[in-house]
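Asks: Quick one: this structure, given as C-alpha cells, is what I'll be asking you about.
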Amino acid sequence: MISPPGRLMRIVQMVILVLMGIVALYPIYFTILASGRPGQSLYTFNLRGMFFPTTWTWDNFRVMLLETPFPVWVKNSLVVASATTVLSIVVVTSAAFAFSRFSFRGRSFGLVLMLGLQAYPGLLSLSAITMILTAFGLYGSHWGLILAYTTGTLVFSTWNLKGYFDTIPIDLEEAGMIDGCGPVQSFLLIALPLARPALAITALLGFLAGWSDFVFASSLVPAPDSMKLAVPALYGLSSNLGVPWGQFAAGFCIVVIPTIILFLYLQRFLESGLTLGGVKG
Amino acid sequence: MVGWSGRRKALTILAFTFPTIIGLVIFNVYPLLLNTYTSFTNNNKFHPYPDCSAGLNNIIEPYCWSFFTNAPKGLGIPFTIVEPLFKNYQTILGGLFTAPGVLSILTLIGCLLPILIAYQVDRRFERGLERSLPSSLVWLAGIIVSLLLLWLFGATAWNKMIDTGDFMAVVAKTILFVVLRVPITFVIGLVMALIVSSPGLPGKTFWRVVLFIPWAASSVAILTSLVWQFFFRENGTINQLLSIFNIKGPVWLADPLYAFGIIILVDVWYSYPFFMIAILGAISSISNDVYEAAEIDGATYMQELRNITLPLIRPALLPAIVLTSITAFQMFGTVWAITQGGPTKGAGVPGSTEFVMVYAYKQIFQLNNYGTATAFATIIFIFLFSATLYSLRMTQMTKGATA
C-alpha cells in the first residue's frame with residue numbers, strides 16, 4: 042500500500058482513529074479530572090464535569106503529599122525498583138554473555154529449561170517463596186522483594202540480551218583475545234559497551250518489574266505502612282470503607298503517568314524486538 | 153588466552169552463570185518441588201504445620217530447617233501425606249472422568265468439528281488447481297453449522313461440564329475467555345495498524361503514541377482497572393450516560409454475563425496495542441516493491457491486503473499470538489481489581505469471572521487450602537509447560553540457541 046487511500050476512505054480512517062483515541066485516553070483523562078475535583082467522590086453527577094474540568098483544586102495532591110505516608114510509599118517503590126534494576130543488570134548481563142560467547146554442553150538445553158521454568162506462574166509459587174524468605178529472615182523486608190523481582194525478570198532479559206550479544210560480531214573480542222584479554226576483561230571492556238541499547242531495555246524492564254508489581258509486594262511486605270510500596274498501598278486505599286477517591290486519583294496520577302511515559306520510551310525498542318519473535322531480541 | 157579453554161573455561165562459565173542458577177533454583181525450582189510435594193499432603197488451615205520427623209519434611213519444608221528460628225510451631229494438627237496418594241488431584245478434577253463429564257466434553261468437541269472440517273476442506277482446495285467453492289464460503293458454512301450445533305447442544309453440555317467440579321468450572325471459563333479475547337484483540341490491533349501505517353496519514357507518530365497508551369497503563373493494571381470499575385458501578389459513568397436517555401442501567405458487575413463481557417472489554421483495551429505494534433513492525437518490514445508491482449497490475453486495496461499484507465506478516469505474528477494466549481490465560485490483576493472473581497452463585501462456587509489465577513490466589517491466600525490448591529497449580533503448570541515448549545517448537549524461537 043504505497044498510494045494514499047481515497048477521500049472517503051481517509052474520512053473513515055480518521056473517524057476510527059479519533060474514536061479509538063478517545064477510548065484509549067478517556068480512563069486516564071477521567072482520573073486526572075477526578076484528582077483535581079474538590080471532595081472525595083470520583084463521580085460527578087454533572088455531565089459536563091465528566092469530560093471537561095469545571096473546577097480545579099490541588100487539594101488532593103497536597104493531602105496526598107503532606108498528610109499521608111504516600112511519599113514514603115513512592116520512595117520505597119523507587120528504592121526497590123532501582124535496586125532491582127542494578128541487580129538484574131549485573132546478573133543478566135553476565136549470564137547472557139556466557140550463553141552467547143561460550144559453547145558448552147547443555148547450553149541450548151539450559152536456555153529452553155529456563156523458559157520452561159518460567160511457565161510456572163509466579164503467583165502459584167508465591168506461598169513457597171513466602172516460606173523460604175521467612176526461613177532466611179527476609180519476609181517483610183525490601184530485600185526479599187528485590188530478590189524475587191530480579192529472578193522474575195531473569196529469563197526474559199537473559200534471552201533478550203543473549204540475542205543482542207549474538208548480533209555483535211565476535212571479531213573485536215578475538216582481537217582482544219590475541220592481545221591476552223581474558224573473558225572477564227572482554228566482557229567488561231568490549232561486549233558491555235557495545236550492548237548499551239540492549240542494556241537500556243534490561244534496565245527498564247527491571248525497573249518496571251519493581252515499580253508496577255502488585256501481587257508480590259502486597260503479600261511479601263504486608264505491613265507496616267512505612268514499608269509498603271506505592272502500587273499495593275494505593276490499591277489498599279480503595280479497599281477501605283469510605284474510600285478517599287480524590288486522593289486515590291491524585292496518587293494514581295503521580296504513580297501511573299510516569300509509568301506510562303517510561304513505557305512510551307520503551308515502545309521503540311519493543312517494536313524492533315517483537316518482529317524478531319518476541320524473546321529472540 | 154587465559155580462561156577461554158580447558159579447566160579455566162568451565163570455572164569462568166560457572167562464575168558467569170552462578171547468580172542466575174542460584175536465583176532460578178531458589179525462586180523457580182524450589183517452589184515447584186515444594187508445591188508438588190504439598191499437593192500430596194492434606195496441608196490446609198486445619199493442618200498448617202509439618203511434622204518434622206515424618207517423610208521428606210525435614211528436607212523440603214522450610215519450617216523444619218534448623219536455621220529457621222521463629223517458626224510458630226505447635227499450632228493445629230501437623231499435616232500428613234494423604235491416602236490415597238492422588239486424592240487431592242481427584243478432588244480437583246472431580247467428576248471429570250465420570251460418564252457425564254466425558255460425554256459433555258465430547259459433545260462440545262463435536263459441536264466444534266464443522267470448523268475443523270471447513271479448515272481441512274479449505275486446505276484441500278488450496279492445494280488443488282481450481283476451487284469449486286470460495287474459501288470464505290467454506291469457512292462461513294463451517295462456522296454456521298458449529299454455531300447451530302452449539303445453540304442446540306452447547307448450553308446443556310457446558311453446564312454439565314461446569315458441574316463436574318471446580319477445575320473444569322475455572323479452566324473452561326478461562327479458555328473461553330482466551331478464545332474470545334485473543335481474536336478480538338487481533339482484529340482491532342490489525343485494523344489500527346493498517347490505519348496508522350496507511351500512507352500519507354497526518355500525525356502518524358501522534359496516533360501511534362495515543363493508541364499505545366492502554367498497553368502502557370496495563371503494567372499497573374491493578375490500579376487502572378479500578379478506574380474501569382468505577383465506570384461500571386451502579387452510579388458509574390456508563391449508567392450516568394445512559395440516564396441522559398432515560399435508561400436505567402443495570403448493576404453491571406452483579407450480572408455474571410455482563411461481568412464476563414466487561415472483563416473481556418477491559419482486557420481488550422489493555423492489549424490491542426500489543427498486536428498493533430507487532431503488526432506495524434511486521435508491515436514495515438514488507439518491501440515496497442511488492443506493492444508497487446501489485447499496483448501496476450491494478451490490484452485493489454482489499455486484494456493487496458488479502459494476498460500480500462496478511463500472508464507476509466503471518467510468520468511474525470504467530471509468536472505474538474501464542475505469547476498473548478499464554479499471558480491471557482494467566483491474567484490476574486484486571487479481574488482482581490474489577491470483580492475479584494465474582495459474581496458467584498454462592499459461597500464456595502467459583503464466580504463467573506474466576507479465572508485460573510484468581511481461583512489459585514483465592515484458594516491459597518484466602519482459604520489456605522494448600523493441598524488442593526497446589527494440586528491445581530501442578531496441573532496448570534503441566535499445561536502451561538507443554539504450551540510453552542510447543543510454542544517454542546512452532547515459532548522456532550530457540551533457533552538462535554542451537555545455532
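Residue numbers (the working numbering), protein chains in the order written: chain Z, 42 to 322; chain U, 153 to 555. Even for Gly, the Cβ is constructed at its ideal location relative to N, Cα and C.
(1) Considering only C-alpha positions, which residue in the set U/Q515, U/I460 and U/V508 is nearest to U/F535?
(2) Tell me which residue opens and which closes the alpha helix (DSSP H) that Z/N117 is part of.
(3) First and last residue of the alpha helix (DSSP H) that includes U/P171?
(4) Going along chain Z in order, which residues have a C-beta closer than 7 Å to the C-beta of U/G175?
(5) Out of U/F277, U/L328 and U/I244, which one is the CA nearest neighbour of U/L260?
(6) Would you verify that the beta carbon of U/K161 is, or is not, closer than 8 Å to some beta carbon of chain Z?
(7) So which residues of chain Z does U/Y522 contact, with C-beta pairs closer than 8 Å?
(8) According to DSSP, is U/A555 helix, strand or coil?
(9) Let me make sure I understand the geometry here. Which of U/N240, U/V474, U/V273 and U/W359 has the alpha-carbon closest to that of U/A527?
(10) Grouping DSSP H, G and I as helix and E and B as strand, with all else coil, what is Z/I209?
(11) Compute the distance between the beta-carbons of U/V420 and U/I336, then report whether it is under 8 Å.
(12) Residues of chain U with a CB under 8 Å from the CB of Z/F138: which are they?
(13) In whole angstroms, what separates the C-alpha of U/N107 from that of Z/P94?
(14) Could I get the ranges of all uninterrupted alpha helix (DSSP H) runs contained in the segment 318-393 of chain U, with 4 residues as the minimum, in chain order?
(15) Comparing alpha-carbon positions, which option in U/Y201, U/A368 and U/I374 lies nearest Z/M172?
(16) Can you name, in chain order, every residue of its own chain whose Cβ lies under 6 Å from the Cβ of U/K197, other than the five neighbours on each side?
(17) What distance in whole Å lies between the Cβ atoms of U/Y424 and U/M344, which are believed to be in contact at a cut-off of 8 Å?
(18) Could you tell me the boundaries of the alpha helix (DSSP H) in which Z/Y276 lies?
(19) Considering only residues of the same chain and omitting the five flanking positions on each side of Z/V113, which have a CB-CB separation below 7 Å?
(20) Using 8 Å for Cβ pairs, my map puts U/I120 next to U/L342. What's the rounded Cβ distance?
(21) Could you tell me whether the Cβ of Z/I301 comes closer than 8 Å to any Cβ of chain U?
(22) Short of 7 Å in beta carbon distance, which residues of its chain neighbour Z/P79, apart from the five on each side in sequence? Order them along the chain.
(23) Quick one: which chain Z residues come within Cβ less than 7 Å of U/M344?
(24) Between the alpha carbons of U/I296 and U/W367, how many angstroms are there, rounded?
(25) Are the segment 485-493 of chain U and the segment 302-309 of chain U in contact at 8 Å, needing three or more beta carbon pairs?
(26) Measuring alpha carbon to alpha carbon, tell me which residue in U/P252, U/Y443, U/D407 and U/T452 is nearest U/S504.
(27) Among Z/Q288, Z/I57 and Z/I170, whose alpha-carbon lies nearest the alpha-carbon of U/P214?
(28) In whole angstroms, give me the CA-to-CA distance for Z/N117 and Z/F111.
(29) Please report the Cβ distance between U/S298 and U/I267, rounded to the nearest whole angstrom; I am assuming they are in contact, meaning their Cβ atoms lie under 8 Å.
(30) Using Cβ-Cβ distances below 9 Å, what residues of the segment 89-104 of chain Z are close to chain U?
(31) Taking the C-alpha atoms as reference points, what is the distance between U/V474 and U/V330?
(32) Step through the CB atoms of chain U and report whether any lies within less than 8 Å of the CB of Z/S182.
(33) What residues in its chain sit with their C-beta under 7 Å from that of U/R499, if we drop five residues either side in the sequence?
(34) Compute the Euclidean distance between the alpha carbons of U/I448 and U/N459, then round it to the nearest angstrom.
(35) Kindly indicate if chain Z contains any beta-carbon less than 8 Å away from that of U/T554.
(36) Classify U/N440 as buried or exposed, calling it buried when 16 or more other Cβ atoms lie within 10 Å of its own Cβ.
Replies: Answer, in terms of the structure:
(1) Position 383 of the second sequence, counted from the first residue, corresponds to residue 535 of chain U. For U/F535, the nearest C-alpha among the options comes from U/V508.
(2) Residue 117 of chain Z sits at position 76 when you count from the first residue of the first sequence. Counting along the chain, the alpha helix (DSSP H) containing Z/N117 begins and ends at F111 to R142.
(3) Residue 171 of chain U sits at position 19 when you count from the first residue of the second sequence. Run containing U/P171: G158 to L176, per the alpha helix (DSSP H) assignment.
(4) Taking the first residue of the second sequence as 1, we reach residue 175 of chain U at position 23. Per Cβ cutoff of 7 Å: V132, T191, T192 and L195.
(5) Here residue 260 of chain U is taken as the residue at index 108 of the second sequence, counted from 1. Residue U/L328 is the option with its Cα nearest to U/L260.
(6) Translated into the one-based positions of the second sequence, residue 161 of chain U becomes position 9. Output row for U/K161: interface = yes.
(7) Numbered from its first residue, the second sequence carries residue 522 of chain U at position 370. Within 8 Å Cβ-Cβ: S168.
(8) Within the second sequence, the letter at position 403 stands for residue 555 of chain U. Note that U/A555 scores a pLDDT of 33, beneath 50, so its modelled location is shaky; the value from the coordinates is reported in the next line. Coil, per DSSP.
(9) For this step, residue 527 of chain U is matched to residue 375 along the second sequence. That would be U/N240, whose Cα lies nearest to the Cα of U/A527.
(10) Your numbering for residue 209 of chain Z matches position 168 in the first sequence. Z/I209: coil per DSSP, three-state reduction.
(11) Looking up residue 420 of chain U in the second sequence gives position 268. Looking up residue 336 of chain U in the second sequence gives position 184. Yes, they are a contact pair.
(12) Counted from its first residue, the first sequence places residue 138 of chain Z at position 97. Residues of chain U passing the Cβ test: F168.
(13) Since the displayed chain U opens at 153 and closes at 555, residue 107 of chain U lies outside it and no answer follows.
(14) 318-348, 356-370 and 373-383
(15) Here residue 172 of chain Z corresponds to residue number 131 of the first sequence, with the count starting at 1. Nearest option by C-alpha distance: U/Y201.
(16) Within the second sequence, the letter at position 45 stands for residue 197 of chain U. Excluding sequence neighbours, U/K197 sits near N520.
(17) Taking the first residue of the second sequence as 1, we reach residue 344 of chain U at position 192. Taking the first residue of the second sequence as 1, we reach residue 424 of chain U at position 272. Confirmed, Cβ separation roughly 7 Å.
(18) Within the first sequence, residue 276 of chain Z is the residue found at index 235, counting from 1. Where Z/Y276 is concerned, the enclosing alpha helix (DSSP H) stretches over A271 to S279.
(19) Along the first sequence, read from residue 1 onward, the residue named residue 113 of chain Z stands at position 72. Within the same chain, Z/V113 has close Cβ partners S267.
(20) The first residue shown for chain U is 153 and the last is 555, placing residue 120 of chain U beyond what the model contains.
(21) Taking the first sequence and counting its residues from 1, the one referred to as residue 301 of chain Z is at position 260. Z/I301 counts as touching chain U.
(22) The residue given as residue 79 of chain Z occupies position 38 in the first sequence. Answer for Z/P79: T96, T98 and D100, listed in chain order.
(23) Looking up residue 344 of chain U in the second sequence gives position 192. The contacting residues are M61.
(24) As a first step, residue 296 of chain U must be located in the second sequence, where it is residue number 144. As a first step, residue 367 of chain U must be located in the second sequence, where it is residue number 215. The straight-line gap from Cα to Cα measures roughly 34 Å.
(25) no
(26) Indexing the second sequence from 1 puts residue 504 of chain U at position 352. With distances taken between Cα atoms, U/S504 lies closest to U/D407.
(27) Numbered from 1 along the second sequence, position 62 holds the residue referred to as residue 214 of chain U. Nearest of Z/Q288, Z/I57 and Z/I170 to U/P214, Cα basis: Z/I170.
(28) Within the first sequence, the letter at position 76 stands for residue 117 of chain Z. Within the first sequence, the letter at position 70 stands for residue 111 of chain Z. Using only the alpha carbons, I get a separation of about 10 Å.
(29) What you label residue 298 of chain U is simply residue 146 of the second sequence in a count that begins at 1. What you label residue 267 of chain U is simply residue 115 of the second sequence in a count that begins at 1. Right, their Cβ atoms sit about 5 Å apart.
(30) M91
(31) Taking the first residue of the second sequence as 1, we reach residue 474 of chain U at position 322. Taking the first residue of the second sequence as 1, we reach residue 330 of chain U at position 178. Distance between the alpha carbons of U/V474 and U/V330 is about 11 Å.
(32) As a position in the first sequence, residue 182 of chain Z is number 141, starting the count at 1. No, its Cβ sits nowhere closer than 8 Å to a Cβ of chain U.
(33) Reading the second sequence from its first residue, position 347 is the one you call residue 499 of chain U. Sequence check: residue 499 of chain U is Ala here, not Arg. If we look at U/A499 and ignore the five residues flanking it on each side, it has no Cβ neighbours.
(34) Within the second sequence, the letter at position 296 stands for residue 448 of chain U. Within the second sequence, the letter at position 307 stands for residue 459 of chain U. Straight-line Cα distance between these residues: approximately 15 Å.
(35) Start at 1 with the first residue of the second sequence, and residue 554 of chain U comes out as number 402. In this prediction, U/T554 scores a pLDDT of 38, lower than 50, which makes its location untrustworthy; no coordinate-derived value is stated.
(36) The residue you call residue 440 of chain U lines up with position 288 of the second sequence. Its Cβ having fewer than 16 others within 10 Å, U/N440 is exposed.
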